[in-house]
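Participant: Sending over a structure as structure tokens; questions will come in a sec.
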Amino acid sequence: MPEAASLVLVDSDVRLEFDLPAVDGGGPRAVTLGARLTRARDTHGPGFVLVPGGGDVSRDGRRKGDGVTTYAAPVDVGREWARALAGRGALVLTYDKRTCGANDDPLCTTNPQEDVDAGGPVALARDLDAACERLRLEPGFDGRLVLLAHGQAGQVALASTCAQRADAVVLLSPIPRAVDAVLVDALVERQGAAAALARSGSPEHKATHAAEAARLKDLAGSRAASFASMKDGRFSPGARVDGATISFWLGWIELTTATPALVDAVKDKLVVVLGDGDRQLSSSDRSAAAALPARAHVVVEAADHHLLIGGQLSPAVVEPVCAAVDGVLGTPGT
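Those letters in the sequence shown? Residues 2 to 335, per the working numbering, in order.
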């Protein structure tokens, strides 16, 4: 992909339409997802599908913070990536996560999600496959397809049929093992850091650090207890944790436990990207993600969990990612 240029970018609203399998003797359930195609005018280049990550997000991928700190203003991370990649000659498709409704983002509409509630994020691989097929229809698509997925979306991408046919798969801040252990261990590490500051930090801030350490300790314990209860079947039918069904959580844990096998299937075309300022992953899990077998690894100094630096998608992130993707893609027809 060429370096960023002063290209005229065009956004086109499109729709992803597909049917989910029938359940309980009923007919197929129709899904219509809003999507956006971003490209430079008259471009001919590789296609990128941006897979929506954690939370109920629209095609914009809006984030209020990195999970630890709040940004000065919300950042449309998906839109920023789309424009950065399109500015380098790519056709970029972003789409609404199926769990996103109008109450989450006015761009979204209500769609069936019983399969997501019942099985977890793996059900969203169908949505990604539909997005890939839609992008392949574009006349400016040169035949090279790239999936770009952050966090939870990484396992969705890896579980899709599209990943097997794609020319490159880019995982941003991937979850390297069972998500329950990843979430708890990150909290425990942050608690330890806050406790250390409470012991040795400046006197005027010790009380604040001690309170934060106590909060994180309680949160880590609560999460660990919730996950244990899920696995032991102690929740009542219909219960939800952080807005998600118990079946969703168990499906997500199962899917992330399968990460090594999923990664192995695409390792020759895989790019793993990490921010060394990511506090949503513990240091051991950042090391585990960096050790995933891949064609290329990119570690960006000062980048947070969403690969932002100072609340912005910086060229310091985009340029090494594009260079790594170029190394995987080669030229059309090769």
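By construction, the Cβ of each residue, glycine as well, lies at the ideal position given by its N, Cα and C atoms.
Between Glu81, Pro75, Pro177, Gly46, which has its C-alpha nearest Ala292's C-alpha?
Facilitator: Answer by Cα proximity: Pro177.
Participant: Check this for me: beta carbons of Pro47 and Leu92, under 9 Å apart or not?
Facilitator: A contact, by the Cβ cut-off of 9 Å.
Participant: Using the C-alpha atoms, what's the distance from Gly35 back to Leu275?
Facilitator: Their Cα atoms are separated by approximately 29 Å.
Participant: Are the CB atoms of Leu148 and Ala160 within a distance shorter than 9 Å?
Facilitator: Not a contact, by the Cβ cut-off of 9 Å.
Participant: As an exercise, report each continuous alpha helix (DSSP H) stretch of at least 4 residues that is fully enclosed by the region 222-301, in chain order.
Facilitator: Counting only runs of 4 or more, we get 247-258, 260-265, 284-291.
Participant: Tell me the DSSP secondary structure of Ser201 in three-state form.
Facilitator: In the structure shown, Ser201 sits in a helix (DSSP, three-state: H, G or I).
Participant: First and last residue of the alpha helix (DSSP H) that includes Pro321?
Facilitator: Start and end: 316-330.
Participant: Run the CB neighbour count on Glu81, radius 10 Å, all protein chains shown included, and call it buried at 16 or more, exposed below.
Facilitator: By the neighbour-count rule (16 or more Cβ atoms within 10 Å), Glu81 is buried.
Participant: Buried or exposed: which applies to Thr70, given that a residue is buried once 16 or more other Cβ atoms fall within 10 Å of its Cβ?
Facilitator: Thr70 comes out exposed.
Participant: Would you call the region 164-175 and the region 184-201 touching, i.e. three or more CB-CB distances under 8 Å?
Facilitator: Judged by Cβ distances under 8 Å, the region 164-175 makes no contact with the region 184-201, as fewer than three pairs qualify.
Participant: Let me make sure I understand the geometry here. Which of Met231, Glu18, Ser174, Phe142 has the alpha-carbon closest to that of Arg287?
Facilitator: The shortest C-alpha separation from Arg287 is found at Ser174.
Participant: State the CB to CB distance for the pair Gln156 and Leu271, rounded to an integer number of angstroms; the pair is presumed to be in contact (CB under 8 Å).
Facilitator: With a Cβ gap of about 13 Å, Gln156 and Leu271 do not count as contacting.
Participant: Does DSSP classify Pro122 as helix, strand or coil?
Facilitator: DSSP places Pro122 in helix when its eight states are reduced to three.
Participant: Tell me whether Gly27 is buried or exposed, calling it buried when 16 or more other Cβ atoms sit within 10 Å of its Cβ.
Facilitator: By the 10 Å Cβ count, Gly27 comes out exposed.
Participant: Just list the residues that DSSP pairs Ser13 with in beta bridges.
Facilitator: Ser13 pairs with Leu38.
Participant: So, for Phe1: in the same chain, excluding its five sequence neighbours on each side, which residues have a beta-carbon less than 7 Å away from its beta-carbon?
Facilitator: Residue numbering for the chain in the displayed model covers 2 to 335; residue 1 lies beyond these limits and cannot be assessed.
Participant: Report all residues from its chain with a CB closer than 8 Å to the CB of Pro294; omit the five preceding and five following residues, and keep chain order.
Facilitator: Result list for Pro294: Val264, Asp265, Lys268, Leu271, in chain order.
Participant: Which residues in the same chain have their Cβ closer than 6 Å to the Cβ of Ala119, if we skip the five residues on either side of it in sequence?
Facilitator: These residues qualify, in order along the chain: Ser248.
Participant: So, are the CB atoms of Ala150 and Val170 less than 9 Å apart?
Facilitator: In this structure, Val170 lies closer than 9 Å to Ala150 by Cβ.
Participant: May I ask you to list the residues that DSSP assigns as paired with Lys176?
Facilitator: It is worth fixing the name first, because residue 176 is Ile in this sequence and not Lys. DSSP lists no partner for Ile176.
Participant: Using the Cα positions of Glu205 and Asp105, report the straight-line distance between them to the nearest angstrom.
Facilitator: The straight-line gap from Cα to Cα measures roughly 40 Å.
Participant: Short of 7 Å in beta carbon distance, which residues of its chain neighbour Ala211, apart from the five on each side in sequence? Order them along the chain.
Facilitator: Excluding positions up to five away in sequence, the list reads Ala199.
Participant: For Gly278, which residues from the same chain have a beta carbon less than 7 Å from its beta carbon, with the 5 sequence-adjacent residues on both sides left out?
Facilitator: Cβ neighbours of Gly278 beyond the five flanking positions: Ala303, Ala304, Asp305.
Participant: What does a CB cutoff of less than 6 Å around Trp253 pick up in its chain, not counting 5 residues either side in sequence?
Facilitator: Counting only Cβ-Cβ distances below 6 Å, and skipping sequence neighbours, we find Gly121, Pro122, Val180.
Participant: Just to confirm before moving on: does the CB-CB distance between Val185 and Arg216 stay below 9 Å?
Facilitator: No, Cβ-Cβ distance for Val185 and Arg216 is not below 9 Å.
Participant: Applying the 10 Å Cβ sphere with the 16-neighbour rule, what's the burial state of Leu309?
Facilitator: Flag for Leu309 reads buried.
Participant: State buried or exposed for Asp25, treating a residue as buried only when at least 16 other CB atoms are found within 10 Å of its CB.
Facilitator: Looking at its Cβ environment, which holds fewer than 16 other Cβ atoms inside 10 Å, Asp25 is exposed.
Participant: Where does the unbroken alpha helix (DSSP H) through Val157 begin, and where does it stop?
Facilitator: 153-160 is the span of the alpha helix (DSSP H), which, as asked, contains Val157.
Participant: Check Thr44 in the structure and name its three-state DSSP category.
Facilitator: Thr44: coil per DSSP, three-state reduction.
Participant: Rounding to the nearest angstrom, what Cα-Cα distance links Arg40 and Leu51 in this structure?
Facilitator: Approximately 13 Å, taken between the alpha carbons.
Participant: Among Ser59, Ala290, Asp219, Leu314, which one has its Cα closest to the Cα of Val189?
Facilitator: Answer by Cα proximity: Asp219.
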